[in-house]
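Data first, discussion second: the structure below is written as structure tokens.
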Amino acid sequence: MGTTHYTKDHEYVRVDGDVATFGITDYAQSQLGDVVFVEVPKVGAHLKQGAEAAVVESVKAASEVYAPVSGEVIEANSALEGTPAIVNEDPEGKGWFGKIKLSNKSELDALMNEADYKTYLSTL
Amino acid sequence: MLNRQGRPTAPGSDSTVIHKTFTGNRALQQIEPLIFEIGSMDQTGVDIDAPAPHHKKLGAFERKAPIGLPGLSEPETMRHYVRLSQKNYGIDSGLFPLGSCTMKHNPRLNEKMARLPGFSDVHPLQPQSTVQGALELIDTLAHWLVTLTGMDAVAMSPKAGAHGELCGLMAIKAAIIARGEEATRKVVLVPDSAHGTNPATAALIHFDVRSVPVREDGTVDPQVVAELAGPDTAAIMLTNPNTCGLFEKDVVAIADAVHKAGGYFYADGANFNAIVGKARPGDLGVDAMHINLHKTFSTPHGGGGPGSGPVVLSERLAPFAPVPFIRKTDAGLQLVEDEAEAKKHGAHPFGRMTAFHGQMGMYVRALSYMLSHGADGMKQASEDAVLNANYVRACLADLMSLPFGNKPCMHEVLFDDTWLKDTGVSTLDFAKAMIDEGYHPMTMYFPLVVHGAMLIEPTESESRASLDLFIATLRDLAIAAKRGDTDRFTGAPYHAPMRRLDETRAARSPVLKWLPPQPILEAAE
Amino acid sequence: MRYLPLSADDRSDMLARIGVDHIDKLFADIPRDKLLDKVLPLPLAKGELEVERILGKMAARNKTASTTPFFVGAGAYKHHVPATVDHLIQRSEFLTSYTPYQPEIAQGTLQYLFEFQTQVAALTGMDVANASMYDGSTGTGEAVLMAHRITKRNKAILSGGLHPHYAEVVRTLSKMSNADVVTLKPDLRAKENLIASIDEETSCVVVQSPDVFGTLRDLKPIADACHAKGALLIAVFTEVVSLGLVTSPGEQGADIVVGEGQSIGNGLNFGGPYVGLFATKTQYIRNMPGRLCGETVDAEGKRGFVLTLSTREQHIRREKATSNICTNSGLCTLAFTIHMTLLGEKGLRALAEVNHANAVMLAEQLAKLPHVEVVNEHFFNEISIRVKGDATKLVDRLAHHGIMAGVPAARLFPDQGLEDVLIIANTEVNTNEDRAALVAALKEAM
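Protein chains in written order, with our numbering: chain A, 12 to 135; chain B, 27 to 551; chain C, 927 to 1372.
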């Protein structure tokens, strides 16, 4: 199990070697409400940090999910397409969105660790 | 005469138990299946004579497969749709305070006039000499619209408000192209309080949307507009009165700021009904504005249309109006339908919005309303609409919270959900409890600039007695919410034809048409 | 004023309750110099009788379709609408309701929309249909934009048989959104080579069948050619009754089907309001414009309907919406659905057969006239003929004698060498006497 980083847009990145698994945090899913649709990242896409990577929709809102780090998408969680509820049930586990092969590990330094993210949430 | 039958003439029991019915119906509320469940492929409600013998000229294109359209006989059809109608709430059912949507009385004279064969039974491509009365009607309505708005011209053909927005922005884009500035003027300023159609329309024709924050008092600050506007600015889209129910008091300064930057002022006319006869958009610096005939001029909403969205234009934009348009000639009215013909008369139309000439059926209804009200009556209607909204505000201000303070509003009053804090009742719950009380809820969660927004537009169609009962009802609900009577809200509605519906389920696995039940064997596989 | 319930006393009492002494205090935010101080120069209020007189006079200046032998079509068609339809759509609860945002008190609207969507999907042979567009032409514009979103390309190819107003709507939208359009020349005899125009940049091909001249088109080879190049086929129709007798566009491989539904349930109304039908394949649902009604259950488990997949729409997605459409053609969809329910499969087929038979008979009679050539080989209820001389003048002359002969092609395609072409529609309303009158008048006029 690698270390987990967080963005201010409530995405998490779990790093294992040079592969980063990302998705939205438990806080994000609770704010969205029942997730009804996920457009998962395209495998093979080269994403820059901050670029639109996926879309997550509840009944009344649609949100873009931005790439928390730069790199190539090497896997997408296609299970979310058929069963978007996984994002509500287990956002930081089975509800991951995609895996990115990191192209610039130093980007991680600017992200929050778990303790910082918790502090950040308490300010919202 | 003696009551020989022994028929009881007073309620015999004081039981209040509600029994389940065998059918699931509740008296007038009847469960009604889909036509696909009650109709059949052999049934029809029309009698059509067999065709004369003929040799088909369909080639290889004759349909072989069945279509899958069940029919019903005429009495069954009548009953099916009457029963469906009984599950609907309309303006005729009661107060319908849906803010921004203007659910005013729909006079039946309008319907009668629209059905005159001279309007309803004429084809858009008949020789123009045979439809001079239809062209006269459109031309007359156009005259009323430009006079009421103080503008130069009107493009009649847009089919609804959003289509009118598109028409207005296209005229603006055409003017910018004519100035040779299309590469640089790409930004449309849109306040955060705008209708969703505004940014959607701008994006549709590849303008970049720049948000304008709304200041503390719920209006747009001309200083902010001046800072955001520049050589890249194509236009501002401003709703006035705005969606917070407030007149943009600095509208002239906003118009000046945009004009100074070389941009155009598009006004969303969805709320024009508050100021008809009181102020003219043309005097406020507006370059283009759509008018929702189905809001301001009482044509029916019909469960979501049809609408009609003519766009009035300033002198600067008038030459770019789309085809068709009407011009007066010695031989009568001429409908100019194509660009080449338009250019002969000095116009530079940007193109065409729709086939034919627009929503004639709606034009007739709107003109029927205008003639009935007259210039004096429409001014009075605006005043009554504003009066009614302010009366509601004044009578509820002590219980519900006004995000921009207790000051006069226009034709609609905006509350937020601050007053519901810690009650466990949300704006949605409150709205659903209104349904149980026999009211259609107000507009909720819009505009987005206010938390838990409740936008109430009573319209001028409500009597004093109707408003007093409405106010008393909302007061009772508000007190109940604050008292902690949460059940009355969170489970509501209890008395509507249906309880709350599961929108999550509908969106997660969409079922968008009727599917025949699967045979059991197949389903088991 | 009969529409305003407040009395003068009500008004002054209410102003007092609000705490202002004059109505204009409530309009205080309007700049003082912009507040109108007198009534605008327009007529004053009138009673019902007077309004009826004024509008009645205007109406009387128009020649109505039901009072003449009437053969005008080209995108709008004179059909018989059963009396039940107009009665039902005037039910208060349908007529005066709003878009069904509160599903608990709008199941009437929602259920008929669900029925409408199912009927349209069946007719077009597609997986799903939306709850309507404004009309066929604006629907076609939206279909092209949708194809661009799906294919991530931006070139549309328009058949020369597409109704020119529809083509113009597409060109206007495209010009304004920097998309490319190739419009083929007016194609009187269905000889154009659409397939040769398709390339790797092509997003979609738009083909109408029956085309604007009345000819039935073979969509299958065009669909195959589109798919081979990664493009979509948008099939258009302006006469929905044809689908009762003709193979559906879905069966022929169309990806998006869009058409005008006016013929069913809706009158001519001088061009509007009409109802746009819009259908596609399941995989494209999320790129679809317009409202969608879906099935669900309520808190007690009872079946009900709601508007769904709203995240595509402007009120949520704002500048990222699939379309800016909000109001659509609600009541016209109801008219369509009621009429289609009355017809059913059996009635629609019978209606379509009568339309076709009438057109075949007329074509045969016209073909026998000297100086007349019927150009269509395969058609449904509309044909085009070449006449001697100018068709516009001919139509005007016949109109003067009380016969509405059709649409001169030059009105739709000015300056395109089609001055001698006349487009003639023939529906169930046309009798043998109507046809005889038309044929005799044409014979005499040429």
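No residue lacks a Cβ here, since even glycine has one placed at the ideal position from N, Cα and C.
Here the structure is a predicted model, which is why all the values come from computation and not from measurement.
A direct Cα-to-Cα measurement between S126/B and V475/B gives close to 15 Å. In this structure, the straight-line span from the alpha carbon of H1074/C to that of K1081/C is close to 8 Å.
The beta carbon of V148/B sits closer than 7 Å to the beta carbons of V157 and A160 from its chain, once the five residues preceding and following it are set aside; these are given in chain order. Pairwise C-beta distances place the segment 190–200 of chain B out of contact with the segment 1217–1231 of chain C, as fewer than three of them are shorter than 8 Å. Classified as buried, I61/B has 16 or more neighbouring CB atoms from the shown chains inside 10 Å of its CB. Contact check between the segment 53–65 of chain A and the segment 1219–1239 of chain C: fewer than three CB pairs, one atom from each, fall below 8 Å, which does not count as touching. Annotation: T469/B has no Cβ neighbours in chain A at a cutoff of 8 Å; minimum Cβ distance is about 14 Å.
With contacts defined as CB atoms closer than 8 Å, T128/B and T485/B qualify as a contacting pair. Of the other Cβ atoms in all chains shown, 16 or more fall within 10 Å of the Cβ of F346/B; this residue is therefore buried. Residues of chain B with a Cβ closer than 9 Å to the Cβ of A96/A are, in chain order, T530 and R534.
Around the beta carbon of K53/A, fewer than 16 other beta carbons sit within 10 angstroms, so the residue counts as exposed.
The beta carbon of Q1291/C sits no closer than 8 Å to any beta carbon of chain B.
Annotation for M315/B: the continuous beta strand (DSSP E) segment containing it runs A314 to H316. Nearest C-alpha to F273/B among H437/B, P59/B, V390/B and R490/B: H437/B.
Using a CB distance below 9 Å, the part of the segment 37–61 of chain A facing chain B consists of G44, D45, V46, V47 and F48, ordered along the chain. Close to T1010/C, with beta-carbon spacing below 7 Å, lies no residue of chain A; the smallest spacing is near 37 Å. Those residues of the segment 932–957 of chain C placed with their C-beta closer than 8 Å to a C-beta in chain A do not exist. Where E1308/C is concerned, the enclosing beta strand (DSSP E) starts and stops at E1308 to R1312. For the pair Q1188/C and E137/B, the CB atoms are not nearer than the 8 Å cut-off. A Cβ-Cβ distance of about 4 Å is found for the pair V1183/C and T1050/C, placing them in contact under the 8 Å criterion. For N988/C, the beta-bridge partners assigned by DSSP are V157/B. Between the segment 1113–1121 of chain C and the segment 1085–1103 of chain C there are three or more C-beta pairs closer than 8 Å, enough to call the two in contact. DSSP, read as helix, strand or coil, puts Y471/B in coil.
Listed along chain B is no residue with a C-beta nearer than 8 Å to that of Y1210/C; the closest approach is about 12 Å.
The C-beta distance from N299/B to A411/B rounds to 6 Å, short enough to fall under 8 Å. The straight-line gap separating the alpha-carbon atoms of S1174/C and R89/B is approximately 7 Å. P1334/C sits in a strand when the DSSP states are folded into three classes. Residue environment for G358/B: exposed (fewer than 16 other C-beta atoms within 10 angstroms of its C-beta).
According to DSSP, residue pairing for C1130/C in a beta bridge involves A1082/C and L1158/C. No Cβ-Cβ contact shorter than 8 Å links S119/B with S1058/C.
Counting only Cβ-Cβ distances below 7 Å, V70/A has contacts in chain B at E529, T530 and A533, in chain order. Secondary structure at E50/A: strand, using DSSP grouped into helix, strand and coil. The C-alpha of P326/B is placed about 11 Å away from the C-alpha of G387/B.
Chain-order list of chain C residues neighbouring A73/A: T1237, I1242, R1243 and K1246, by C-beta distance under 8 Å. Sorting A1283/C, L1099/C, L1159/C and S1100/C by C-alpha distance to the C-alpha of I1124/C places L1159/C at the top. Beta-bridge partners of K354/B (DSSP): L359/B.
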